[in-house]
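Here the structure comes first, spelled out in structure tokens, and everything after it is commentary.
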Amino acid sequence: MKHIVLYFIFGLLGCVCCLSSAWAADRPLVLKSPGGNLEVEIITEGQLAYALKHKGKILLDKSPIGLVLEDRTLGENVKVRRVNRRSMVKEDIVSPHYRFPGFAVTYNELDLKLRDNYGVVFRAYDEGIAYRFYTSAKSPLVIKDEVVRMNFPQDYETYMAYSTVKPGKDQYVMAFQNIYTKATVKGVNTKNIAFLPVTVDCGEGLKMTLLESDLENYPGMFVKGDGKSCSLQGTFAKYPSEMKSFPPRAMKRVVGRTDYIAKTEGTRNYPWRIWAVTEQDIEMPVNNLVYALASPNRVDDCSWIKTGKVAWDWWNDWGIYNVDFKAGINMETYKYYIDFAADNRIEFVVLDEGWYNPGKGDMLTVVPELDLEELVRYGKSKGVDLILWTVFNVLDDQLEEACKKYSEMGISGFKVDFLDRDDQTAVEMAYRIAEMTAKYKLTLDLHGFYKPTGMNRTYPNIINFEAVFGMEEMKWSKIEKDMMEYDVIMPYIRMMAGPVDYTPGAMRNATKKDFKDIYYNPMSQGTRCHQLAAYIVHDSPLTMLADNPTIYKEEQECTDFIVSIPNKNIEETRVLQGKLGESIVMARKVDSNWYVGGMTDWNQREITLDFGFLSEGTYEVTLFSDGVNANKQAEDYKKETFKVTSASMRKINMVSGGGFAMTIVKK
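Okay, structure coming up:
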């Protein structure tokens, strides 16, 4: 009790000190991170703005922020009413189906209450800073725009993934999957907007990554540059005014927009704007700020949520062979997939597009070729659950009826596809679906979806997200789409926002010279071991085996290894070494065992793996590494076993586009 009283007294003193200086508008308010490395200056003279420093180095110059309403802009002509501070606030966060089972964060907070019924909260963590607006108006508000200006002190290099829509079209409607482009702030593509996360290289290893969290009833943020100044600015999709349904999947598309970005309740919190700040690249994939800043879990009982691996039909185009039936969307084919899953301890089979007639937009009516109830019964008899693909608006139109029907049938969840936007109505749809599926104990794998914003904390039944330039792109992309470079950028940047449904597992593998985009018999860029490494490198509570079961049977040694790598009950995640855009080596712990995966770009690299992260004792390693001829035949690999202790070191060669993967089992 004594400690509680002391904390209360110190908190009051902090508020008093703050109030005594808050009225000097010409003096910035200062908020520092718990460790003191990050410092935010909040400017309240005239236009609301902030600046950011790291160990005295300016990362952001004075950068205006605000909310543009119909009749005024919140953030202009600032009048401070009250400043409240909280110091050394510690939160212990439970994080099911995440890269850690739980983690702690500590932050200092400054709550700036302003005249005109609004305010802004700033938080400073050792891992980065964040701010969010809030309003307390009695009537609903129309948000015309949001001011998010980012002024850099010099022409830093950036990593951006741009909208794939051609200039002149609606840039805000796309799949949120593209390779990263490196350019200075002044050199960014001015014709296309970029979706988050966006990383800025501040030199000497220091990087800032722009993210957002707790996106609810509001549009997601994009970024654009003017090509002239060392500045970027946020931009947002306007609220849709008209939607129309289009073939071949009865997808509702935006055909008209209003002149505002959101219409909302007057009293609310707005999304968190986050700058994750890292001194080393290996800190980036394990930055937890997006998850930490999201709204807490709204699902009372999470015990039913099941994760694992999935046998997938679409990427391999139902391309099984050496069977006595015609492969396709029929009972024989799906029983074959179920048998394969059962034989290999794979938890799920997904029925992708075609189990209902997509052109009719009715997911309550199954095509006559399938007896879905019989497939569910057959799967459960073998310990395999089914996941159903559908389109977002199709599910939304039949939401409770579909959830009730398929939950009662025994379906495990939905793979929901083709949202392809994050305006306010799209975000609201996503929350409706998450809430209803949780009610009926159904999981969600969100494809054609915007980047994660912590929604998997709020609704843990969301077990994966796409928003990644994944393996599906290899069905139609030329070699100029450099997947190998992307694979050693994405874990550092995109994965900071949340898990990725990259859909790895290609057993047809190609060197840079040999790669071809073949829709019906697709292959990967890079080596077999690069593919195996993905099962460890990626945060992915629901992980596809993208290739067809017949090939996996022919490559049983690799299949056995893939299914031996756990993607649930992860106790610890570490990045052992790596550099953004070059390579990555990731380690994950489950029970007393470790799993390590490494990847390189198109450059050959030799690494020295230090096993110092192991506890005392002897471990047996099973290592899959690029074969001696993998630079010519990308499917070539070498499997070996050996023993190590925490004092061991080992050199591992990764060929061009290569990688390695290992299990480390305590003896």
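Residue numbers for the sequence shown, in mature numbering (1 follows the signal peptide of the UniProt record, and there is no 0): -24 to -1, 1 to 643. Where a beta carbon is used, it is the ideal one built from N, C-alpha and C, also for glycine. It should be emphasised that the depicted structure is a prediction, and the values quoted were computed from it without experimental measurement.
Residue i - partner residues in DSSP beta bridges
i    : result
L375 : Answer by DSSP bridge pairing: none, since L375 is not bridged.
V124 : I41
D602 : Y613
W294 : In the DSSP output, where bridge partners are listed per residue, W294 has none listed.
V561 : Q553 and G574
Q209 : R125 and K200
Within 8 angstroms, strictly: CB atoms of residue i and residue j
i    : j    : result
G242 : T111 : yes
M307 : D347 : yes
G633 : W578 : yes
P517 : T283 : yes
E582 : N629 : yes
G481 : I538 : yes
G32  : G42  : no
G196 : Q256 : no
V325 : G355 : yes
V199 : K120 : no
A610 : A486 : yes
K615 : F600 : yes
S217 : R233 : yes
A151 : G474 : no
E133 : T160 : yes
F441 : L422 : yes
F171 : A137 : yes
P224 : K427 : no
N193 : E404 : yes
D289 : Y312 : no
Simplified DSSP state of residue i, which is helix, strand or coil
i    : result
A406 : helix
R581 : strand
T160 : strand
G633 : coil
R484 : coil
I305 : coil
D463 : helix
A473 : helix
D235 : coil
T413 : helix
P344 : coil
D492 : For the sequence presented, residue 492 should be read as Lys rather than Asp. Of the three classes helix, strand and coil, the one that applies to K492 here is coil, per DSSP.
Y246 : coil
F79  : strand
L418 : coil
E349 : helix
N- and C-terminal bounds of the beta strand (DSSP E) containing residue i
i           : result
Q553        : E548 to K555
H506        : First-last for H506: R504 to V513, but that is the alpha helix (DSSP H), not the beta strand (DSSP E).
K619        : Y613 to V620
residue 650 : As displayed, the chain neither begins before -24 nor continues past 643, which places residue 650 out of reach and without an answer.
M222        : Met is not the amino acid found at residue 222; the sequence shown has Phe there. Note, F222: beta strand (DSSP E), P216 to F222.
E133        : E133 to Y138
Y26         : A25 to H30
T576        : N569 to T576
K200        : M197 to G201
K451        : Per DSSP, K451 belongs to no beta strand (DSSP E) and is neither H nor E.
The ligand SAM heavy atom lying under 7 angstroms from the CB of residue i
i    : result
M638 : The ligand SAM is not part of this structure, which contains no ligands at all.
With 16 other Cβ atoms within 10 Å as the buried cut-off, status of residue i
i     : result
Y511  : buried
F491  : buried
N298  : exposed
W(-2) : Residue placement at W(-2) is flagged as unreliable, the pLDDT there being 42, under the threshold of 50; the coordinate-derived value follows with that caveat. With fewer than 16 Cβ atoms within 10 Å of its Cβ, W(-2) is classed as exposed.
Y495  : exposed
E46   : exposed
G554  : buried
A637  : buried
S(-4) : Any reading at S(-4) must be qualified, since the residue scores a pLDDT of 40, below 50, and its modelled position is unreliable; the value itself is stated next. The residue in question, S(-4), is exposed, as its Cβ has fewer than 16 Cβ neighbours within 10 Å.
Residue span of the alpha helix (DSSP H) that contains residue i, given as start and end
i           : result
residue 666 : Not covered by the structure: residue 666. The range shown for the chain is -24 to 643.
T434        : M431 to T434
A268        : L265 to L269
V539        : Q532 to S540
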